[in-house]
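There are 2 protein chains.
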Amino acid sequence: MGLLVVGSIAYDTIETPFDKIDDALGGSSTYISIAASFFTAPIHLVGIVGSDFKQEHKSLLAEKNIDLDGLEIVENEQTFRWGGKYHYDLNVRDTLFTHLNAFQNFNPIIPAKYRKDKFVVLGNIEPKLQLKVLEQMDKPEFVICDTMNLWIETAREDLDKVISKSDVLIINDSEARLLAKEPNLIRAARKIKSLGPKYLIIKKGEHGALLFNESQIFSAPAYPLESIFDPTGAGDSFAGGFAGFLHQTGDLSFDNIKKAVIFGSTIASYTVEKFSLQRLMEITKLDIKDRFHEFKELSRFDYE
Amino acid sequence: MGLLVVGSIAYDTIETPFDKIDDALGGSSTYISIAASFFTAPIHLVGIVGSDFKQEHKSLLAEKNIDLDGLEIVENEQTFRWGGKYHYDLNVRDTLFTHLNAFQNFNPIIPAKYRKDKFVVLGNIEPKLQLKVLEQMDKPEFVICDTMNLWIETAREDLDKVISKSDVLIINDSEARLLAKEPNLIRAARKIKSLGPKYLIIKKGEHGALLFNESQIFSAPAYPLESIFDPTGAGDSFAGGFAGFLHQTGDLSFDNIKKAVIFGSTIASYTVEKFSLQRLMEITKLDIKDRFHEFKELSRFDYE
Chain A
86 MGLLVVGSIA
96 YDTIETPFDK
106 IDDALGGSST
116 YISIAASFFT
126 APIHLVGIVG
136 SDFKQEHKSL
146 LAEKNIDLDG
156 LEIVENEQTF
166 RWGGKYHYDL
176 NVRDTLFTHL
186 NAFQNFNPII
196 PAKYRKDKFV
206 VLGNIEPKLQ
216 LKVLEQMDKP
226 EFVICDTMNL
236 WIETAREDLD
246 KVISKSDVLI
256 INDSEARLLA
266 KEPNLIRAAR
276 KIKSLGPKYL
286 IIKKGEHGAL
296 LFNESQIFSA
306 PAYPLESIFD
316 PTGAGDSFAG
326 GFAGFLHQTG
336 DLSFDNIKKA
346 VIFGSTIASY
356 TVEKFSLQRL
366 MEITKLDIKD
376 RFHEFKELSR
386 FDYE
Chain B
86 MGLLVVGSIA
96 YDTIETPFDK
106 IDDALGGSST
116 YISIAASFFT
126 APIHLVGIVG
136 SDFKQEHKSL
146 LAEKNIDLDG
156 LEIVENEQTF
166 RWGGKYHYDL
176 NVRDTLFTHL
186 NAFQNFNPII
196 PAKYRKDKFV
206 VLGNIEPKLQ
216 LKVLEQMDKP
226 EFVICDTMNL
236 WIETAREDLD
246 KVISKSDVLI
256 INDSEARLLA
266 KEPNLIRAAR
276 KIKSLGPKYL
286 IIKKGEHGAL
296 LFNESQIFSA
306 PAYPLESIFD
316 PTGAGDSFAG
326 GFAGFLHQTG
336 DLSFDNIKKA
346 VIFGSTIASY
356 TVEKFSLQRL
366 MEITKLDIKD
376 RFHEFKELSR
386 FDYE
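Residue numbers (my numbering), protein chains in the order written: chain A, 86 to 389; chain B, 86 to 389.
See below:
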């Protein structure tokens with residue numbers, strides 16, 4: 086059975102202090118799928134694009150064992166376009182434009198052969214669409230959910246339903262504080278877990294990530310990057326690496342989920358080294374293994 | 086031989102959103118010495134107080150094997166008084182008053198029997214006084230230096246000299262960014278190491294700490310505290326626990342220095358649980374050992 090991934094597919098125009106790129110392949114489900122493809126196959130992608138979606142990008146996804154039967158192509162419509170600009174402090178970005186185009190009418194229909202998938206990654210889309218995905222699934226065993234500030238502020242009721250049906254919620258620190266209305270992250274985590282998910286991951290950018298289960302906490306370090314070229318897709322790559330590793334191993338012990346957090350961090354640390362998906366197109370499984378071991382060295386200390 | 090500790094001794098008046106305390110024992114050398122006393126003895130404290138310094142506080146220090154031969158008492162003068170107020174976001178504090186009193190004329194004279202000490206902790210005082218301490222020492226082998234924004238901004242020349250003579254510089258993330266004029270902490274660390282110290286520790290509060298040597302980085306997690314009662318003295322307690330453990334073991338390998346970072350973090354995590362030195366007066370070596378092992382569980386993951 087495959088790993089079901091639902092989310093956006095976009096062409097991104099990105100400006101950083103270093104360079105600019107037009108119409109680069111992006112979108113949450115694209116990053117998630119390609120990140121997961123280093124670990125597992127097949128990946129069942131469900132998304133929507135316009136008729137301008139390039140053949141070379143279909144081929145790129147197919148080469149990574151990403152099944153495109155769930156890719157809806159809308160004739161006479163454009164693919165979702167997003168434009169963003171990062172400043173010297175790469176934590177801050179301005180959205181320059183958002184043209185939803187084909188994505189505006191996204192109504193995810195899960196192909197029959199995907200409905201038995203046990204692992205589901207709900208990329209960051211409107212919560213009511215995430216719910217629609219779950220309703221179509223036979224009996225998903227492990228649901229991983231991403232979201233964003235916008236939905237926390239404008240679609241809280243639906244979002245709470247999605248969270249209660251999810252096994253893992255992945256959000257960043259500011260989203261966690263907003264969702265829990267609580268500045269202390271440890272207390273915020275406790276409040277969020279009370280919404281239902283078995284596991285909560287709080288991503289903290291340059292400070293790493295925290296993983297919570299019902300009683301334990303795992304603190305994952307950040308990979309020490311001297312320069313971040315383009316932060317776009319880091320969070321989605323994390324989710325994809327995390328999900329891909331768990332899908333491949335099928336081991337849902339807390340110890341293995343910790344490892345998945347490190348593999349997610351590994352992929353995200355590569356993503357930000359170049360524009361768009363460029364770096365993920367270069368790296369190999371050996372690169373991932375090497376960096377995983379660097380993460381080990383980064384956090385290992387002796388104890389009696 | 087003892088562990089030499091030089092710094093301020095103060096009576097602190099502290100307001101938090103939860104409570105208020107007047108004239109509580111504080112000051113950098115007080116926190117450093119008491120934190121170090123869990124690991125090693127004797128501690129050679131050099132500091133200055135007024136004639137109002139209480140006998141009970143001399144006894145408290147003496148009971149912790151803190152040698153007071155270097156404690157200067159100025160007649161007809163008051164001890165340094167500091168008043169501060171923390172808000173709900175405990176990362177922000179207002180200084181309500183600073184009365185230097187006896188501390189204004191601090192001119193650290195190192196007693197002859199302390200001059201052969203091999204381990205020196207320079208608490209956060211004016212860099213030219215830190216230099217004066219080092220000039221009086223015979224041949225210190227391991228110098229640990231703390232500083233603050235004020236000295237980075239107003240006494241950079243002297244501070245650079247102190248840093249170049251130190252083995253370990255301990256600062257927080259905003260101080261590191263200010264010192265290096267560089268927002269990326271990894272790049273900032275590289276710049277700061279070029280000033281001379283073999284090791285650099287950047288404390289990141291709720292995000293843990295980073296330790297750098299010439300080529301490696303160790304990322305220490307933060308202890309997950311649901312509430313911080315009073316952050317005063319956390320940084321000094323970290324330095325004291327770090328120094329005390331290294332002084333006791335005498336092992337200056339990178340692996341042991343990593344452990345010292347965890348022991349420093351452990352003591353600091355206790356300090357903030359109550360006002361002033363109250364929590365450090367309650368805990369035992371067993372408490373420290375238990376929490377050290379919690380740090381292990383917090384950051385441990387499996388790897389092939």
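All residues carry an ideal CB built from backbone N, CA and C; glycine is no exception.
Open item on the list: Which residue marks the beginning of the beta strand (DSSP E) containing residue 300 of chain A, and which one marks its end?
Closed with: Per DSSP, residue 300 of chain A belongs to no beta strand (DSSP E) and is neither H nor E.
- Query: Which partner residues does residue 47 of chain B have in the DSSP bridge list?
  - Reply: There is no way to answer for residue 47 of chain B, as the model of chain B reaches only from 86 to 389.
**Prompt:** Run through DSSP, which three-state label would residue 117 of chain A get?
**Reply:** In the three-state scheme derived from DSSP, where H, G and I count as helix and E and B as strand, residue 117 of chain A is classed as helix.
For residue 272 of chain B and chain A, any beta-carbon pair shorter than 9 Å? At least one CB of chain A lies nearer than 9 Å to the CB of residue 272 of chain B.
Taking CB distances under 9 Å as the criterion, tell me whether residue 306 of chain B reaches chain A.
So, interface residue.
What is the DSSP secondary structure of residue 171 of chain B, counted as helix, strand or coil? The answer is strand: DSSP assigns residue 171 of chain B an E or B state.
For the stretch 312-332 of chain B and the stretch 317-333 of chain A, state whether three or more C-beta atom pairs, one from each stretch, are separated by less than 8 Å.
With contact defined as three or more Cβ pairs closer than 8 Å, the stretch 312-332 of chain B and the stretch 317-333 of chain A are not in contact.
Partners in chain B for residue 87 of chain A, counting only beta-carbon separations shorter than 8 Å: Correct list: empty, because the minimum Cβ distance to chain B is about 25 Å.
Per DSSP, residue 286 of chain B forms a beta bridge with which residues?
Beta-bridge pairing links residue 286 of chain B to B:255, B:296.
What are the partner residues of residue 227 of chain B, as DSSP defines its beta bridges? B:204, per the DSSP bridge assignment.
What residue from A:340, A:362, A:347, A:377 has the CA that sits closest to residue 382 of chain B's CA? Selected option, being the one with the closest Cα: A:340.
Practice problem: Return no unless some Cβ of chain A is closer than 9 Å to the Cβ of residue 388 of chain B. | Solution: At least one chain A Cβ lies under 9 Å of residue 388 of chain B.
**Q.** Neighbouring residues, chain A, relative to residue 302 of chain B (Cβ below 7 Å)
**A.** Chain A residues near residue 302 of chain B: 309, 383.
task = Specify whether the stretch 93-102 of chain B and the stretch 308-321 of chain B touch according to this definition: at least 3 beta carbon pairs, one from each stretch, less than 8 Å apart.
result = With a cut-off of 8 Å on Cβ pairs, the stretch 93-102 of chain B is in contact with the stretch 308-321 of chain B, counting three or more such pairs.
Checklist entry - Which whole runs of the beta strand (DSSP E) in the stretch 300-338 of chain A are 3 residues long or more, in chain order? => result If only uninterrupted beta strand (DSSP E) runs of at least 3 residues are considered, those enclosed by the stretch 300-338 of chain A are 302-305.
What residues from chain A crowd round residue 340 of chain B, counting only those whose CB sits closer than 8 Å? Correct list: 386, 387.
Problem - At least 3 beta-carbon pairs within less than 8 Å: the stretch 141-150 of chain A vs the stretch 110-119 of chain A - result: With a cut-off of 8 Å, the stretch 110-119 of chain A and the stretch 141-150 of chain A count as touching, because enough Cβ pairs lie within range.
Run of the beta strand (DSSP E) containing residue 91 of chain A, from where it starts to where it stops: Here the beta strand (DSSP E) through residue 91 of chain A covers 88-91.
Which residues in chain B sit within 8 Å of residue 312 of chain A, going by Cβ to Cβ distance?
The contacting residues are 269, 272.
Discussion item. Counting only Cβ pairs nearer than 7 Å, list the residues of chain A close to residue 347 of chain B.
Written reply: When 7 Å is used as the limit between beta carbons, residue 347 of chain B is near these residues of chain A: 386, in chain order.
The stretch 209-226 of chain A contacting the stretch 183-192 of chain A, beta-carbon criterion three pairs below 8 Å
Touching, yes, given that three or more Cβ pairs across the two stretches are closer than 8 Å.
- Item | Sequence-distant residues of the same chain with beta carbon closer than 6 Å to residue 236 of chain A, five excluded per side | Counting only Cβ-Cβ distances below 6 Å, and skipping sequence neighbours, we find 212, 244.
Pairwise C-alpha distance: residue 387 of chain A and residue 182 of chain B: Each residue's Cα considered, the two are about 43 Å apart.
Closest Cβ-Cβ distance between residue 295 of chain B and chain A: below 9 Å?
Cβ-Cβ to chain A under 9 Å: yes for residue 295 of chain B.
Can you find a CB in chain B that lies within less than 9 Å of the CB of residue 275 of chain A? Chain B contact via Cβ: present.
Query raised in the report: If we cut at 9 Å on Cβ distances, does residue 291 of chain A have a partner in chain B?
Result: Judged by the 9 Å Cβ criterion, residue 291 of chain A is in contact with chain B.
key: Exposure of residue 186 of chain A, with buried meaning 16 or more beta-carbon neighbours within 10 Å   = Classification for residue 186 of chain A: buried.
Check your understanding: Closest Cβ-Cβ distance between residue 116 of chain A and chain B: below 9 Å?
Key -> Nearest CB-CB separation between residue 116 of chain A and chain B: not below the 9 Å threshold.
| message | Distance cutoff 9 Å, beta carbons only. Does residue 96 of chain A sit that close to anything in chain B? | response | The beta-carbon of residue 96 of chain A is placed no less than 9 Å from the nearest beta-carbon of chain B.
Point to revise | N-terminal and C-terminal residue of the alpha helix (DSSP H) that residue 141 of chain B is part of | key: For residue 141 of chain B, the uninterrupted alpha helix (DSSP H) run begins and ends at 140-148, by DSSP.
Query - Bounding residues of the beta strand (DSSP E) (the contiguous stretch that carries residue 137 of chain B) - result: Per DSSP, residue 137 of chain B belongs to no beta strand (DSSP E) and is neither H nor E.
>> If I follow the unbroken beta strand (DSSP E) through residue 100 of chain A, where does it start and stop?
In response: Taken as a continuous stretch (DSSP letters only), the beta strand (DSSP E) holding residue 100 of chain A covers 95-100.
>> Any beta carbon from chain B within less than 9 Å of residue 278 of chain A's own beta carbon?
In response: By the rule that beta-carbons nearer than 9 Å mark a contact, residue 278 of chain A does not touch chain B.
- prompt: Got a sec: is the Cβ-Cβ distance from residue 171 of chain B to anything in chain A below 9 Å?
  reply: Not an interface residue.
Could you name the residues of chain A that residue 378 of chain B contacts, counting a contact when the two beta carbons are closer than 8 Å? For the C-beta of residue 378 of chain B, the chain A residues within less than 8 Å are, from N- to C-terminus, 388.
Residue environment, residue 177 of chain A, which counts as buried when at least 16 other CB atoms sit within 10 Å: Burial call: exposed.
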